[in-house]
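Enquirer: Here it is: the structure, laid out below.
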Amino acid sequence: MSVIYLDNAATTKMDESLLEVYRTYSCDKFYNASAGYVWGVENYKDLEKARKVILEKLGAKKGDIVFTGCATESNNIAIKGCLREGKWEYVFSKGEHPSVFNVAKRLEESGKTVKYVDLKKDGQIDYEKLSGLINEKTRLVSVMFVNNETGAINDLHRISKIVKEKNPKALLHVDAVQGFCKIPFSLSELNIDFLTISAHKFHGPKGVGALYVKNKDGFKSIMLGGGQEFGLRGGTENLAGIMAMAKICEKINVRENYGKVAILKEKMIETLNDPNIRYIKTDSPYICSFSFKGVNGETLMRALENEVVVGTGSACSSKKAGNRVLQEMGFDNDYIKSSIRISFNYNQSVKEIETAGSLILKKYYEILEKVK
Amino acid sequence: MKVVLLRFGELFLKGGNRKIFENCLISNIKNKLNGLNFKFNVTHGRYIVSEFDDEIEILSRLKTVFGLSSLSLAEEVVADVKSISDYISSIKIGDKKFKVDVKRADKTFPISSMEFAKDLGGLVLRNNENAKVDLYNPEIEINVDIRFNNKAYIYHETVQCLGGLPFGSSGKALLLLSGGIDSPVAGFMMAKRGLAIEGLHFHSYPYTSLQAKEKVLSLAKQLSNYTGEMRLHIISFTKVQEEIHKRCAPEFMITIMRRIMMRVAERICEKYNLGAIITGESLGQVASQTMQSLTVTNSVLKEKVVFRPCIGMDKEEIVKISKSIDCFETSILPYEDCCTVFLPKNPVIKPTISRAEREEGFLDIDNLVELALSSEELVVIK
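Protein chains in written order, with the numbering used here: chain A, 236 to 607; chain B, 2 to 383.
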């Protein structure tokens, strides 16, 4: 039996149909998109088409797409590009991915005023507290769309309303890595200034990300180079990766997949329905966090790895001890140590999930028997 | 010609055995420089490495050879007044304060050391108008070392090396390598006293991670910079730990586990002809390292001696050495080792041998030792 992969929040398998696109732009149309001869110009046109595809998928009526190397880079460019001298304040949620959270910590160390929004027990940010933190000095607010550890969805409508009502000049950045191409939303209905996405989270290739920028005026580049990407991200464009990302965007039917994956999550919750197992009820059908009483989550992960692959928190930070997000939500150490993250993709079947769930349950009790 | 002068310290103390120690040291030096171009010569009381191309690599490798007390990058000239004077005349030192120090191992050299130093100092001053002689607090000390081989060596810097005894000259021992800070330091300290080292690591997959094992492999790799090729014996301890957890009193978990580890270690020593066991234990650091715990752990050994070089050291002292041998960054990676699996809330601090034996009565110890040994995986680290 092949391994059932349930760590799709860490990365997804690339859609095989993208290989052809990737090959074309690596071997046939390999020309530098910034070159002045006809082949370069042709590629530049394709690059612009890809930009349009992403903008359309986001439902953005204005603004631009800056292609980057990954979500971490997009987050860094967005936040650091907004920094200004003076007594400005910067607001972050306590649930942010390390690629935002560690930037916030660095700002704090460098003497900037940084404020943090608490998380509620359900994993969403505390909207009232957010409102209380925003004032005329607020320069930037950065809040993620879907939490990568728990699947909690932050209400972007509410957040953008709060931020812009309290300070229309405050900028809002959203890390939408676990939401884009997964959860239906449209930028046309939201007042968001920057938004981060990453191709490999939705079956695109690794090494490609993007940053949506509503208004480039006054936004400063932290990556100087040959002037590519409106001067905001120097470096030869990864056209093969970008075209592959655009292609998968076009292919994905967000609403249909959402429905399919919601059934998978329900099935997993049903299969793992057991008095010793708890889970955090969240809205994203793609991610679910479970805790297995009495068994270390990492041990369970390793014991399962030849049959079912699950995650223990953010793969980008699992090398560091503990789980900051669950801690912020108020879970105790025993709960956190015993937690694993299960995340799905739309190509999986209910049967597969049922099999995986049964295997997890069986392995859990095998280990529990040995360690209790 | 540029050469490296090597000095050795403690070998002089070894009397009749000196030749054995020296041969060992020479062979270690040659092994260490393997793959580089060089020529190696022995003169009275010094080794000389010459005819090399990669000066930086040669120096950095030589600095990690146990048994060498110091080294200097030197200019080799013929040991006559003219050759030495010519070279000294070419030295440029700007406005630095300096002194010249002459040593004559070869007393047949026609001028006395003091007199010659004075003459040479004059030459330096003649060619460096702004330089000043300062015998007590010089910025540069120009040394002229006149040896028996009709050669003189001129250098201005002496780099301290690790000292100790030539690696392997004391025999071969087994280092229990957990992945923490202490055990690589213990290995380094005993290697410095001339022991060749093999490693023994226990893992408890799936309770411990593959990263924890990788971490131990990289620590062994780091140690091998000092020890040369190193063999690492890796043993699965999962079943042993599950059995102890199931059958023994929780507070004795670690005590019994370590007693079984020691039995396995002694068997590995017997199998591979290793003379001793090395651990990173430091008195009182944790419950299993109290005097009573060490007594109880030690008592299962039939004949092997256990070296615990960190026993009297504070953590800060151990960390300092760990950093100096570039192990610290790896040692603090947060992967659980097998000692943290099934960790009881209140481990016994003052166990007794009789109580430990009673707890072991619930286990088939021989069988568990065999089971552990049968899982052995041998990795050669180069």
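The C-beta atom is built at its ideal place from N, Cα and C for all residues, glycine as well. If you're wondering where the values come from, they're calculated on a predicted model, not measured in any experiment.
At a cut-off of 7 Å, would you count B:E76 as near the ligand SAH, judging by its Cβ distance to the nearest heavy atom?
Expert: Because no ligand of any kind appears in the structure shown, any question about the ligand SAH cannot be addressed here.
Enquirer: Taking 8 Å as the CB-CB limit, is A:V606 close to chain B?
Expert: Closer than 8 Å: yes.
Enquirer: Could you check which residue in A:G565, A:E563, A:S526 has the C-alpha nearest to that of A:G211?
Expert: The structure shown has nothing for residue 211 of chain A, since chain A only spans 236 to 607.
Enquirer: Which complete alpha helix (DSSP H) runs does the segment 515-603 of chain A hold, if anything under 4 residues is left out?
Expert: DSSP runs (the alpha helix (DSSP H)) wholly in the segment 515-603 of chain A: 532-539, 559-563, 568-572.
Enquirer: Quick one, which of B:S219, B:I198, B:L201 has its alpha-carbon nearest B:E330's?
Expert: Considering only alpha carbons, the answer is B:S219.
Enquirer: Residues bridged to A:G444 by DSSP?
Expert: A:G444 is bridged to A:T303, A:S433.
Enquirer: Name the chain B residues whose beta carbon is nearer than 9 Å to that of A:R537?
Expert: Those are Y206, P207, Y208, T209, S210, L211, listed as they occur along chain B.
Enquirer: Measuring alpha carbon to alpha carbon, tell me which of B:A250, B:I92, B:R264, B:L121 ends up nearest B:L372.
Expert: Closest option to B:L372, Cα to Cα, is B:R264.
Enquirer: Are the C-beta atoms of A:Y599 and some chain B residue less than 8 Å apart?
Expert: Judged by the 8 Å Cβ criterion, A:Y599 is not in contact with chain B.
Enquirer: For my contact list, B:G122 and B:V101 are in at a C-beta cut-off of 8 Å; report their separation, rounded to the angstrom.
Expert: So it is a contact: roughly 5 Å between Cβ atoms.
Enquirer: Check whether chain B comes within 8 Å of A:T534, counting only Cβ atoms and requiring the distance to be less than that.
Expert: It does: the Cβ of A:T534 has a partner Cβ on chain B nearer than 8 Å.
Enquirer: Which chain A residues sit within Cβ distance under 8 Å of B:H45?
Expert: By Cβ distance, chain A contributes nothing, its closest Cβ being about 55 Å from B:H45, past 8 Å.
Enquirer: Beta-carbon separation of A:L391 and A:V398 under 8 Å?
Expert: Result no, Cβ atoms of A:L391 and A:V398 do not sit closer than 8 Å.
Enquirer: By the 10 Å Cβ neighbour count, where 16 or more other Cβ atoms means buried, how is A:T373 classified, buried or exposed?
Expert: Per the 10 Å Cβ criterion, buried.
Enquirer: Tell whether a beta-carbon distance below 8 Å holds between B:H202 and B:V186.
Expert: In this structure, B:V186 does not lie closer than 8 Å to B:H202 by Cβ.
Enquirer: Within this structure, are the beta carbons of A:D299 and A:K451 separated by less than 8 Å?
Expert: For A:D299 and A:K451, yes; Cβs fall inside 8 Å.
Enquirer: Does the beta-carbon of A:Y581 have 16 or more other beta-carbons within 10 angstroms, so that it is buried, or is it exposed?
Expert: A:Y581 is buried by the Cβ-count criterion.
Enquirer: Can you give the Cα-Cα distance for B:E243 and B:I27, rounded to whole angstroms?
Expert: Answer to the nearest angstrom: the Cα atoms are 49 Å apart.
Enquirer: Could you tell me which chain A residues have their CB closer than 8 Å to the CB of B:H246, listed as they occur along the chain?
Expert: Result: K605, V606.
Enquirer: Is DSSP giving B:Q293 helix, strand or coil here?
Expert: B:Q293 falls in the helix class under three-state DSSP.
Enquirer: Can you give me, in chain order, the residues of the segment 338-358 of chain B that have a beta carbon less than 8 Å from any beta carbon in chain A?
Expert: Answer set for the segment 338-358 of chain B: F343.
Enquirer: Could you name the residues of the same chain whose beta carbon sits closer than 6 Å to that of B:E378, not counting the 5 residues immediately before and after it, in chain order?
Expert: For B:E378, where only same-chain residues beyond five positions count, the Cβ hits under 6 Å are I235.
Enquirer: Using the rule of at least 16 other Cβ atoms within 10 Å of the residue's Cβ for burial, across every protein chain shown, is B:I21 buried or exposed?
Expert: Result: exposed.
Enquirer: Given A:V335, which residues of its chain have a CB within under 6 Å of its CB, disregarding the five upstream and five downstream residues?
Expert: Closer than 6 Å at the Cβ level, and outside the excluded window around A:V335, lie N310, S377, D410.
Enquirer: DSSP has B:L166 in a bridge; who is on the other side?
Expert: B:R194, per the DSSP bridge assignment.
Enquirer: Would B:E282 pass as an interface residue toward chain A - the criterion being a Cβ-Cβ separation below 8 Å?
Expert: No, because no Cβ of chain A sits closer than 8 Å to the Cβ of B:E282.
Enquirer: Could you list the residues in the segment 232-261 of chain B with a C-beta less than 8 Å from some C-beta on chain A, going in chain order?
Expert: Hits within the stretch, in order: E243, H246, K247.
Enquirer: With distance defined between alpha-carbon atoms, name the residue in A:L539, A:K280, A:T307 nearest to A:M379.
Expert: Of the candidates A:L539, A:K280, A:T307, the one whose C-alpha sits nearest the C-alpha of A:M379 is A:T307.
Enquirer: Give me the Cα-Cα distance between A:V612 and B:K222, rounded to the nearest whole angstrom.
Expert: The displayed coordinates of chain A run from 236 to 607. Any statement about residue 612 of chain A would go beyond what the structure contains.
Enquirer: Going along the chain, which residues of its own chain have a beta-carbon closer than 6 Å to the beta-carbon of A:S553, five neighbours each way excluded?
Expert: Note that A:S553 has pLDDT 44, beneath the 50 cutoff, so the model's placement of it is unreliable and the number below is only indicative. Once the five neighbours on either side are set aside, the close Cβ partners of A:S553 are T547.
Enquirer: Evaluate A:T471 with the Cβ neighbour count: other Cβ atoms within 10 Å of its Cβ, from every protein chain shown; 16 or more gives buried, anything less gives exposed.
Expert: Exposed, because fewer than 16 other Cβ atoms sit within 10 Å of the Cβ of A:T471.
Enquirer: Under 8 Å: do the segment 341-356 of chain A and the segment 568-578 of chain A share three or more Cβ pairs, one atom per stretch?
Expert: Counting Cβ pairs under 8 Å, fewer than three are found: no touch.
Enquirer: Can you give, in chain order, each stretch of the beta strand (DSSP E) that sits fully within the segment 10-98 of chain B and has at least 3 residues?
Expert: List check, beta strand (DSSP E) in window: 40-44, 47-51, 69-79.
Enquirer: By the DSSP assignment, the alpha helix (DSSP H) with B:M254 in it spans what residues?
Expert: That run of the alpha helix (DSSP H) goes 254-273.
Enquirer: What is the C-beta distance between A:C416 and A:I498, in whole angstroms, given that I count them as a contact (C-beta under 8 Å)?
Expert: So it is not a contact: roughly 18 Å between Cβ atoms.
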